[in-house]
Amino acid sequence: MGMEGCKVMEEEVLVKKITGLAAAIGELPSLSPSPEVNALFTELVVSCIPPSTVDVDLLGPEAQDMRARLIRLCADAEGHLEAHYSDLLATHDNPLDHLTVFPYFNNYIKLSQLEHGLLAKHIPGPPPSRVAFLGSGPLPLSSLVLAARHLPDASFDNYDISGSANERARRLVRADADAGARMAFVTADVADVTEELAGYDVVFLAALVGMAAEEKAALVAHLGRHMAPGATLVVRSAHGARGFLYPVVDPEEIRRGGFEVLTVHHPQDEVINSVIIARKEPAAPALAADADTPVNNGGLNAQCAVAVSRPCLGCTCEMEARAHQKMTEMAMEEMEA
Numbered sequence: 087m088g089m090e091g092c093k094v095m096e097e098e099v100l101v102k103k104i105t106g107l108a109a110a111i112g113e114l115p116s117l118s119p120s121p122e123v124n125a126l127f128t129e130l131v132v133s134c135i136p137p138s139t140v141d142v143d144l145l146g147p148e149a150q151d152m153r154a155r156l157i158r159l160c161a162d163a164e165g166h167l168e169a170h171y172s173d174l175l176a177t178h179d180n181p182l183d184h185l186t187v188f189p190y191f192n193n194y195i196k197l198s199q200l201e202h203g204l205l206a207k208h209i210p211g212p213p214p215s216r217v218a219f220l221g222s223g224p225l226p227l228s229s230l231v232l233a234a235r236h237l238p239d240a241s242f243d244n245y246d247i248s249g250s251a252n253e254r255a256r257r258l259v260r261a262d263a264d265a266g267a268r269m270a271f272v273t274a275d276v277a278d279v280t281e282e283l284a285g286y287d288v289v290f291l292a293a294l295v296g297m298a299a300e301e302k303a304a305l306v307a308h309l310g311r312h313m314a315p316g317a318t319l320v321v322r323s324a325h326g327a328r329g330f331l332y333p334v335v336d337p338e339e340i341r342r343g344g345f346e347v348l349t350v351h352h353p354q355d356e357v358i359n360s361v362i363i364a365r366k367e368p369a370a371p372a373l374a375a376d377a378d379t380p381v382n383n384g385g386l387n388a389q390c391a392v393a394v395s396r397p398c399l400g401c402t403c404e405m406e407a408r409a410h411q412k413m414t415e416m417a418m419e420e421m422e423a
């Protein structure tokens, strides 16, 4: 058997294994954290982490349906996991002093460092003053760690469609004067957020906001219509077999949405999400009234969204992540044990 035949066989074995795990997860009576739930998701993530040649976009119809169901199951499990730890943290006088109880604390540090480093490399300039995180959830660790370690002067607006998720998130910052002043939590469908988007320097789009490809494309186009020219969009995606855990975002869809794609980064370590950095393209200049009238562009908004390296101020801790990321990190720890 040639190399191509071996590759095809390996991909078939992988898809078969993931199909079986998806079926077992779908039969669980609950996706709340438990030994059985944790074991199945750990096995799933261990299967998806290693580099793979599989292209989830080329799967057959049955496998595509299985993958779509699996991503939604993982999203539900994520919601239960984040709510559980958010409730646990809320029992402390100052929840932010106890974020280390979350078992994947260090992995969120790595994720924020990755995204912040990519921003600093591809969009040098002054740090942003206003940041939006779309899909922050009940345990907004990405915003918290970015605010504490990398962007100490920025304000963060965290959007989630769930009012209960936002209420849980608010409890986490209630006793911290700095975080309470800089963190806002807004209950809204991102598709209904319009004028506010023009006020942000950087917008982070969580991986599970818009899980189907057409949903994600429509959402990116919406952001392209309403974000300010020069503002930065950070999109979390997936690559290879990791596309069974997270939606894969096509960079061409981001370009069609009105953005210049600056970089696409596929991690090979325990950080499972790919990261896409894009910049909203300048508005087209207005046409002159006649051939003799010069066009006055009025000066495009020059405040590009950026993030540059800043001193760490001590870490507080979302991943861009969520149950898939959490289960990934747990799996990596078990693999290294």
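Just so you know, the sequence shown maps onto residues 87 to 423 in my numbering. No residue lacks a Cβ here, since even glycine has one placed at the ideal position from N, Cα and C.
Are the CB atoms of residue i and residue j nearer to each other than 7 angstroms?
i, j, result
"L130", "L107", "yes"
"V101", "A149", "yes"
"A298", "E339", "no"
"H170", "H202", "no"
"L174", "V295", "no"
"S138", "A327", "yes"
"S228", "D246", "no"
"V334", "V321", "no"
"D243", "A218", "yes"
What's the call for residue i, buried or exposed, on a 16-neighbour Cβ count within 10 Å?
i, result
"D287", "buried"
"L311", "Here residue 311 turns out to be Arg, not Leu, going by the sequence shown. With fewer than 16 other Cβ atoms within 10 Å, it is exposed."
"T318", "buried"
"C92", "exposed"
"E113", "exposed"
"V187", "exposed"
"H410", "Below a pLDDT of 50, predicted positions are generally treated as unreliable, and H410, at 44, falls in that range; the measurement from the model is reported next regardless. Label assigned to H410: buried."
"E168", "buried"
"P73", "The structure shown does not extend to residue 73, since the chain spans only 87 to 423, so no value can be given for it."
"P213", "buried"
Looking only at its own chain, which residues have a Cβ that is under 7 angstroms from the Cβ of residue i, when we skip the five neighbours before and after it?
i, result
"D262", "N180, L182"
"V306", "E339, I340, G343"
"F345", "G310, L319, A364, R365, K366, E367"
Residue i lies in the alpha helix (DSSP H); which residues open and close that run?
i, result
"F271", "Here F271 belongs to no alpha helix (DSSP H); instead the beta strand (DSSP E) covers 269-273."
"R365", "Looking at the DSSP string, R365 is not in any alpha helix (DSSP H); the run it does join, the beta strand (DSSP E), is 360-366."
"S250", "249-259"
"A46", "Here the chain covers residues 87 to 423 and nothing more, so residue 46 does not appear."
"S228", "227-231"
"V306", "299-312"
"R216", "Where R216 is concerned, there is no enclosing alpha helix (DSSP H), although the beta strand (DSSP E) it sits in stretches over 216-220."
"R342", "337-342"
What residues in its chain sit with their C-beta under 8 angstroms from that of residue i, if we drop five residues either side in the sequence?
i, result
"S172", "P224, L225, R254, A255, R257, L258"
"L200", "H351, P353, V357, V361"
The beta strand (DSSP E) that contains residue i, what's its start and end?
i, result
"Y171", "No beta strand (DSSP E) contains Y171, which is instead part of the alpha helix (DSSP H) from 147-175."
"L130", "First-last for L130: 121-134, but that is the alpha helix (DSSP H), not the beta strand (DSSP E)."
"F242", "241-246"
"H351", "345-351"
"V357", "Per DSSP, V357 belongs to no beta strand (DSSP E) and is neither H nor E."
Give every residue of the same chain whose Cβ lies closer than 6 angstroms to the Cβ of residue i, excluding the five residues on either side of it in the sequence, and list them in chain order.
i, result
"H325", "H352, S360"
"L283", "H312, M313"
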